[in-house]
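Peer 1: Attaching a single structure in structure tokens format; questions to follow.
Residue numbers (the working numbering): 16 to 1041.
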């Protein structure tokens, strides 16, 4: 069996074996694994002398490991494994070792197996666990820890034991946590003194002889210190061994020193150990951490080599980690109001002592080092903010802190902006800037006066330097000033950042105006570096309110934008198109009559040149800012079209001129469309894309001309000038021609939908006569449910905006529209996407009908033109109402509301009352004969069909509870319209069918106009019957 097992492993892992033979071997191994005694064979194979191959031993040990960990071996079996492995380890790792040590992968698995044995037997069965392995470290009765292989195995086992029972990063179950705590208690009681002494012995023996041993020892100390007596590692003897290793930083010949870095990490773990405030402050003093950090920062690697390629950023990062831990603990003590005066005084001294070092590392040229100390600096600023009125000792800290934050926001000398190679570095720096911005805001929250004064001086000095040096000024300094101007609005703008919960700081607002004036007057828009130009435009857009009160600067800024729109740098050029739109859109009322000049200046950028993307372009994942594809350029052009619309329709521009400007932009588009339409009809992909782009451009231009306030207040929108509407009517007609010819193309339909929604804003009610043509084109046989739903949303907007003028048009188009919708609702479902689209179509369809009824246009549903679809309409609404499935809950709720509105509109006058003494004596007189009976047999019945659906649980679900609210309202409406008929129907049909009397329900429904009583009754009824 042993030989078979060994051979099977060899075959299974031999790349030269045939696949058939491998499969047989793997099948055999899997059978062996199911044998609960297989571990015995494996243990024998692993410990055998002479050795089996490494792969055989590794697989065998893995099966032994699994048996120990997972199979619940009894005490004799565990003892057998322990004795077998200990005998093998003594032969292999002991002072009189006869065999070569195992390779790393086998040692790792062996260490894991021994750790599992420790967990199982240390309490009882292997009390000498640590003694046995410690004995392997010495060649002569413990005189010196000089047996290298034994020492390394011993340290690996200590590390593994910690990971198994004390690693806080691993989530533990309750029983496992108790077991681990018990094991830690036993270690402290039995062996902790001896283990700690072994660390000293090993460090003394191997320092300057074997860095691997020293490094592993330090890592073990760093792990164990979190749960052992701190005195075992902060004794003078131990520190005499650790601190010289930290001092190795002074050895310039060993610039990369993992032992030194690990020694500092060990100090960090010692400092991080949980303890009381007074003990923690004493520990920081005892370890002389101020002196250690001062010496480290003065070392060659961090001082003399600063700014050179020999700078030791690894050392800087581990020192930053140590300092961050110290400062976090110091601030935590200062935040604790319960600490005694002496402890607080020590914390104050530590804060003053370590702050310069903190700022030195915060200002480090490597962002990773800076990021390491940001958490403690954040804690410090949070503490200072909570103090309130700052004593001098605290307030004096703020200026150097703010200075360091601002300096760190500057691009360093090695940074490259705008290059493809530097994109990741640029993204990382911008992320760092966001973190620094939070710190800067924290300083402002503590001392706004300092913040305003500091940044005002910084910006003022930068502009003074620009005036002296001109384009020779370092772009990084100028970028920093502009970045700070951009952030300054946190104080100076209403509802922004620090001013969100209060009025803007008046001084900050005044200083911002000064900064903006200096910026515009400085000629910075002509600076040669693209980063500066982008910042300039972003600031102009962000602070557009400044220009509302400083009109004299609008013209020069507009002129700068027009110049930058043509810039050579693609990132500046395309970004400026968007920012130009933002600028003129926000200052529409102030820009004046400049449209002619602007259109002439940018007309060369308006011709559309559609390019069908290649497969490679479709796979390109460029970011928006670096995307210079034809598609991205076209999207940028759309911003220009909308911007032209904005500046052409200002209040100071005569109506005739507005129409002239619209015509001058659209005429070339019309001509281009007429040229490409024949080719597009024949299926030419480029021509179809060109038509698509032209339609999008026409719609976007219309959007610029539209009243910007109409979306907020559609009932009070500005009527477009007749001359302008006339021009855009031509655009609408041109688009309809293209749509009629190309409506089988989904992209064309999408462009037309977009254009239609935007033309509404500039055409108003004049577009209504064209609605049937739009519906015919946009809802073709190939239209998806998504398209129908989107168009129904548009129609809802039209009905709402033009309810006084739309009746006749709606009457004309309703039947063909509903027929398209019914076809979409009845299409078969193929997959999840289809199901989602159907849900959306249902929702928009019933919402559309609801909007018609809400706006008193219900007569159109029953007009002579639409009587043929009325029954289908009502049936479809009821079907949706009764569909209680995930994704249709909202549509169901709206449907019941629609049915209630129908009952209210066509049910005739009320013939019953609701109150303490309800009456139901009247005779129903509905708007059309038989509608009263229809309400009972259809609307009322639909309510009870839903309430008997097992998926309908309003007592347990808020969404279905909303449906029940609408059902209750519908039931009360039907009762009011039918009176005694409703009561008789409940008593003779509805309630006998469910096996109960109707009295309680009728009492709840008719006794109060508040639906709550009836809803509560129905909820309880449904819950009791589930």
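Ideal placement from N, C-alpha and C gives every residue a C-beta, glycine not left out. No experiment lies behind these values; they were computed from the predicted model shown.
Three Cβ pairs or more, each shorter than 8 Å: is that satisfied between the region 331-343 and the region 382-396?
Peer 2: Result yes; three or more Cβ-Cβ pairs closer than 8 Å.
Peer 1: Quick check: the Cα distance between residue 201 and residue 138, rounded to an integer number of angstroms?
Peer 2: Roughly 7 Å between the two C-alpha positions.
Peer 1: Is there contact here, the region 868-882 with the region 840-853, by at least three beta-carbon pairs under 8 Å?
Peer 2: No: fewer than three Cβ pairs fall under 8 Å.
Peer 1: Tell me, please, whether the region 100-118 touches the region 177-193 by the rule of three or more beta-carbon pairs shorter than 8 Å.
Peer 2: No, because fewer than three Cβ pairs between the region 100-118 and the region 177-193 fall closer than 8 Å, the two stretches do not touch.
Peer 1: Can you confirm whether residue 166, when its beta carbon is compared against all beta carbons of chain C, has any partner nearer than 9 Å?
Peer 2: The structure shown contains no chain C; it holds only a single protein chain.
Peer 1: When you compare only the Cα positions, how much space is there between residue 420 and residue 496?
Peer 2: So the alpha carbons of these two residues sit roughly 13 Å apart.
Peer 1: Note down the Cα distance separating residue 123 from residue 160, rounded to an integer number of angstroms.
Peer 2: Roughly 22 Å separates the two Cα atoms.
Peer 1: Taking just the CA atoms, how far does residue 321 sit from residue 267?
Peer 2: For residue 267, the predicted model reports a pLDDT of 46, less than 50, meaning its position is unreliable; a value from the coordinates is still stated below. About 13 Å.
Peer 1: Taking the C-alpha atoms as reference points, what is the distance between residue 600 and residue 661?
Peer 2: Taking the straight line joining both Cα atoms gives about 6 Å.
Peer 1: Keeping to the same chain, check which residues put their C-beta closer than 7 Å to that of residue 36; ignore five residues upstream and five downstream.
Peer 2: Here the set comprises 26.
Peer 1: Between the region 742-756 and the region 796-814, are three or more C-beta pairs nearer than 8 Å?
Peer 2: No, the region 742-756 is not in contact with the region 796-814.
Peer 1: Apart from the five residues on each side of it in sequence, which residues of its chain come closer than 7 Å, Cβ to Cβ, to residue 747?
Peer 2: For residue 747, where only same-chain residues beyond five positions count, the Cβ hits under 7 Å are 774, 778, 782 and 785.
Peer 1: Give me the residue from 766, 994 and 397 with the minimum Cα distance to residue 937.
Peer 2: Per the Cα distances, 994.
Peer 1: Who are the near neighbours of residue 562 in its chain, counting only those whose CB is closer than 8 Å to its CB and skipping five residues on each side?
Peer 2: 555, 568, 569, 572, 602 and 605, listed in sequence order.
Peer 1: Which residue from 1033, 737 and 199 puts its Cα closest to that of residue 675?
Peer 2: Among 1033, 737 and 199, the Cα nearest to that of residue 675 is on 737.
Peer 1: Note down the Cα distance separating residue 754 from residue 860, rounded to an integer number of angstroms.
Peer 2: Computed Cα separation, rounded: 23 Å.
Peer 1: Looking at residue 83: is its Cβ nearer than 9 Å to the Cβ of residue 74?
Peer 2: No, these two residues do not count as a Cβ contact at 9 Å.
Peer 1: Following the continuous alpha helix (DSSP H) through residue 85, name the residue where it begins and the one where it ends.
Peer 2: Note, residue 85: alpha helix (DSSP H), 69-85.
Peer 1: Near residue 934, what residues of its chain come up, given a Cβ to Cβ distance below 7 Å and the 5 sequence neighbours on each side ignored?
Peer 2: So the qualifying residues of the chain are 927 and 928.
Peer 1: Decide if residue 45 is buried, meaning its Cβ has at least 16 other Cβ atoms within 10 Å, or exposed.
Peer 2: Answer is exposed; the Cβ neighbour count stays below 16.
Peer 1: Would you call residue 1040 buried or exposed, if buried means 16 or more other Cβ atoms sit within 10 Å of its Cβ?
Peer 2: Flag for residue 1040 reads exposed.
Peer 1: Answer yes if the region 338-349 comes into contact with the region 391-402, meaning at least three C-beta pairs across the two stretches below 8 Å, and no otherwise.
Peer 2: Short answer: they touch.
Peer 1: Hey, how far is the Cα of residue 174 from the Cα of residue 646?
Peer 2: Approximately 57 Å between the Cα atoms of the pair.
Peer 1: State the CB to CB distance for the pair residue 1051 and residue 978, rounded to an integer number of angstroms; the pair is presumed to be in contact (CB under 8 Å).
Peer 2: Residue 1051 falls outside the range modelled here, since the chain spans only 16 to 1041, and no answer is possible.
Peer 1: Which stretch, first to last residue, makes up the alpha helix (DSSP H) that contains residue 220?
Peer 2: Note, residue 220: alpha helix (DSSP H), 207-221.
Peer 1: So, for residue 916: in the same chain, excluding its five sequence neighbours on each side, which residues have a beta-carbon less than 8 Å away from its beta-carbon?
Peer 2: Within the same chain, residue 916 has close Cβ partners 865, 868, 869 and 873.
Peer 1: Could you check if residue 595 is buried or exposed, using at least 16 other CB atoms within 10 Å of its CB as the buried criterion?
Peer 2: Buried, since its Cβ has 16 or more Cβ neighbours within 10 Å.
Peer 1: Whole angstroms are fine: how far does the CA of residue 818 sit from the CA of residue 729?
Peer 2: Note that residue 729 scores 46 on pLDDT, short of 50, meaning its location in the model is unreliable and no value can be drawn from it.
Peer 1: Going by beta-carbon coordinates alone, are residue 54 and residue 81 separated by less than 9 Å?
Peer 2: It is a contact, given that the beta carbons lie within the stated cut-off.
Peer 1: Among the residues of its own chain, which have a CB less than 7 Å from the CB of residue 526, if the five just before and after it don't count?
Peer 2: Answer for residue 526: 467 and 471, listed in chain order.
Peer 1: Where do the N-terminal and C-terminal ends of the alpha helix (DSSP H) with residue 423 fall, by residue?
Peer 2: Note, residue 423: alpha helix (DSSP H), 407-423.
Peer 1: Helix, strand or coil, according to DSSP, for residue 635 in the structure here?
Peer 2: Caution is warranted here: a pLDDT of 48 is assigned to residue 635, below 50, making its placement in the model unreliable, and the coordinate value is therefore given only provisionally. Three-state result, residue 635: coil.
Peer 1: Less than 8 Å between C-beta atoms, sequence neighbours within five positions excluded: which residues of the same chain meet that for residue 625?
Peer 2: So the list reads 645, 649, 701, 704, 705, 707 and 708, once near-sequence residues are dropped.
Peer 1: Put residue 1035 into one of helix, strand or coil per three-state DSSP.
Peer 2: In this structure, residue 1035 counts as helix in the three-state DSSP scheme.
Peer 1: What is the DSSP secondary structure of residue 626, reduced to helix, strand or coil?
Peer 2: Coil, per DSSP.
Peer 1: Just reading off the alpha helix (DSSP H) that residue 295 is part of, what are its end residues?
Peer 2: Element bounds for residue 295: 292-301.
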